[in-house]
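*Asks:* Here's a structure for you.
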Amino acid sequence: MLITETGYHHLKPEKYYLDTIGGIGIKTVLSPEEKQQAEQDYADNLANYNNVKALYDNLKDGGDTDGTVSDVETAWPDEMWELRAELLAKSPHLSYEVLKSVADKTDVFPDEVIFEIMAANPDELRKNELITYLETKENPLPEYMISILHQLAGGITYKTVLMQEMARYHAAKMQSAYDLIRSTLNDSLVDYTYLRNWLDNTNTLNADMQTVASYMEEGDYTSAQSLLNLVPDAYGLEGDELDAYNEYKSLAEIQMNWQQQGRTVFDLDSAEIAMLVDYAENGLGKAAVISKGILEFAYGYHYCNCLPVNDSSNMKSSNAFAGTNETDNGLLIEATPNPARTWVAFNYKLPVFATEAVLRITDVSGKTITTFTLNSKQGQQVWDIRNIEKGVYLYTLKAESLSKSGKLIIN
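Laid out in structure tokens, this is it:
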């Protein structure tokens with residue numbers, strides 16, 4: 002007997018795995034020659050995958066993710082330019098962990114440099130998790146920078162190629178493993194040791210659940226319970242995932258209990274049925290589906306898997322197309338940090354009619370130190386001041402007939 006997320010089966014556990022991995026249009030039982038070829042294909046693709054992954058891991062964060070994160074987290078503002086160069090040299094192979102630490106280090110990196118490093122790593126941007134973090138962190142990147150990063154996320158890099166190659170070899174080796182599992186399950190005599198070996202090779206949570214079912218089919222409840230206990234730590238389950246797994250584990254333990262007592266699904270006591278009802282109505286994931294299947298099959302319950310009725314009330318809201326037509330025609334300029342030591346970032350915004358502006362920095366005598374031509378409506382200009390003498394400087398942003406000035410102190 003076996004409980005699965007597709008319901009309750011008076012069948013051996015192989016029925017569940019066939020439901021899971023499919024098999025329509027695929028030859029089920031392999032000949033000895035085909036079996037040997039599938040095993041060889043798995044070995045070849047595993048070797049190719051490991052070779053590409055080794056290259057990928059060596060390039061990722063320069064081969065030392067923890068060290069790179071530490072370099073960022075312990076950096077001082079004076080080290081910004083050197084660290085920027087180091088991170089760009091490791092791009093596009095920086096990890097999410099490193100990029101997140103860069104985004105958090107706003108006392109070291111100005112927005113423009115954070116943007117520059119993010120833009121050099123489009124593969125991580127493509128996952129959306131990073132861009133979402135950049136939008137919602139304590140000091141988020143400006144909206145216009147986020148918009149550009151969304152556009153850059155589709156870029157193709159060497160890292161992209163390596164990831165695609167790993168995905169290709171992984172898919173091929175998994176297909177070979179599934180072919181061998183399918184063949185074993187459909188054989189007239191199931192070799193459970195061989196089955197569990199290939200289930201283990203797939204290294205998935207569902208495969209471990211099927212391994213538990215195989216132990217239960219053989220009456221090895223000790224091994225089944227041991228594996229059930231190991232799964233949460235093995236897959237790092239937490240939160241809702243852990244809650245859902247624990248419910249599934251409880252159902253498996255109930256099944257082992259009634260099997261060892263010689264009972265069937267029709268012989269559950271009131272407490273067991275009450276628990277199934279609770280899981281069916283309030284449970285998470287597989288436990289809810291399995292409980293519904295048992296209750297419908299053996300106890301006359303009926304559950305409707307209906308689509309939710311759409312609530313159109315939100316379409317009637319006056320905020321459905323919330324926005325603003327307000328336009329700021331002002332000229333804005335701000336220097337940060339101020340006082341500064343190794344770099345200063347000028348955050349600016351131009352009036353709507355201006356297509357270009359000039360940012361001029363002078364000393365107190367009026368001598369021009371440097372100028373920048375700004376062509377964006379809004380942005381940030383970073384100035385390297387490592388070779389600039391200490392003192393007081395004036396900065397002036399001029400666009401058309403408008404100008405705005407400020408004082409900058411370099412220590």
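Numbering (the working numbering), first residue to last: 2 to 412. The beta-carbon is built from N, C-alpha and C at its ideal position, and this holds for glycine as well. Note that the structure is predicted; figures quoted are calculated from it, not measured.
(1) Could you pull the DSSP bridge partners for Trp384 from this structure?
(2) What is the rounded straight-line gap between the Cα of Leu56 and the Cα of Leu238?
(3) Considering only their Cβ atoms, is the gap separating Gln381 from Asp79 smaller than 7 Å?
(4) Beta-carbon within less than 7 Å of Lys250's beta-carbon, same chain only, minus the 5 sequence neighbours each way: which residues are those?
(5) Please classify Ile291: does DSSP put it in a helix, a strand, or coil?
(6) Ignoring anything shorter than 4 residues, give me the alpha helix (DSSP H) runs that lie fully in the region 139 to 179, in order along the chain.
(7) By DSSP, does Ala76 sit in helix, in strand, or in coil?
(8) Please determine if the region 65 to 81 and the region 210 to 221 are in contact, where contact requires at least 3 C-beta pairs separated by less than 8 Å.
(9) Can you tell me whether DSSP reads Tyr302 as helix, strand or coil?
(10) Would you be able to state if there are at least three C-beta pairs under 8 Å between the region 39 to 53 and the region 135 to 154?
(11) How about the region 90 to 108 and the region 60 to 68: do they share at least three Cβ pairs that are nearer than 8 Å?
(12) Using the beta-carbon count (16 or more within 10 Å), is His303 buried or exposed?
(13) Kindly indicate which three-state DSSP category Leu31 falls into: helix, strand or coil?
(14) Let me check one thing: in DSSP terms, what residues is Arg361 bridge-paired to?
(15) What is the C-beta distance between Ala272 and Tyr280, in whole angstroms, given that I count them as a contact (C-beta under 8 Å)?
(16) Taking DSSP's pairing of strands, which residues face Lys128 in a bridge?
(17) State the start and end residues of the unbroken beta strand (DSSP E) segment that holds Leu403.
(18) With DSSP as the reference, identify every bridge partner of Leu333, one or two as the case may be.
(19) Measure from the C-beta of Ile334 to each C-beta in chain B and report whether the shortest distance is under 7 Å.
(20) For Asn412, which residues of its own chain have a beta-carbon under 8 Å away from its beta-carbon, when the five flanking residues on both sides are left out?
(21) Output yes or no for whether 7 Å exceeds the beta carbon distance between Ala422 and Phe347.
(22) So, are the CB atoms of Ser377 and Leu395 less than 7 Å apart?
(23) Specify whether the region 141 to 148 and the region 156 to 168 touch according to this definition: at least 3 beta carbon pairs, one from each stretch, less than 8 Å apart.
(24) Where Trp384 and Ile157 are concerned, what is the direct C-alpha to C-alpha distance, given to the nearest angstrom?
(25) Specify the secondary structure class of Leu262 as computed by DSSP and reduced to three states.
(26) With a threshold of 8 Å, are at least 3 pairs of Cβ atoms found where one atom belongs to the region 127 to 136 and the other to the region 170 to 177?
(27) Using the beta-carbon count (16 or more within 10 Å), is Glu34 buried or exposed?
*Replies:* On the basis of the coordinates in this document:
(1) Val345
(2) 29 Å
(3) no
(4) Leu229
(5) helix
(6) 144 to 153
(7) coil
(8) no
(9) coil
(10) no
(11) yes
(12) exposed
(13) coil
(14) Thr372, Thr397
(15) No, Ala272 and Tyr280 are not in contact; Cβ-Cβ is about 13 Å, not under 8 Å.
(16) In the DSSP output, where bridge partners are listed per residue, Lys128 has none listed.
(17) 403 to 411
(18) Lys350
(19) Judged by its chain identifiers, the structure shown contains no chain B, having just a single protein chain.
(20) Pro340, Ala341, Arg342, Lys391
(21) There is no way to answer for residue 422, as the model of the chain reaches only from 2 to 412.
(22) no
(23) no
(24) 30 Å
(25) The question names Leu, but residue 262 in the sequence shown is Gln. Three-state result, Gln262: coil.
(26) no
(27) exposed
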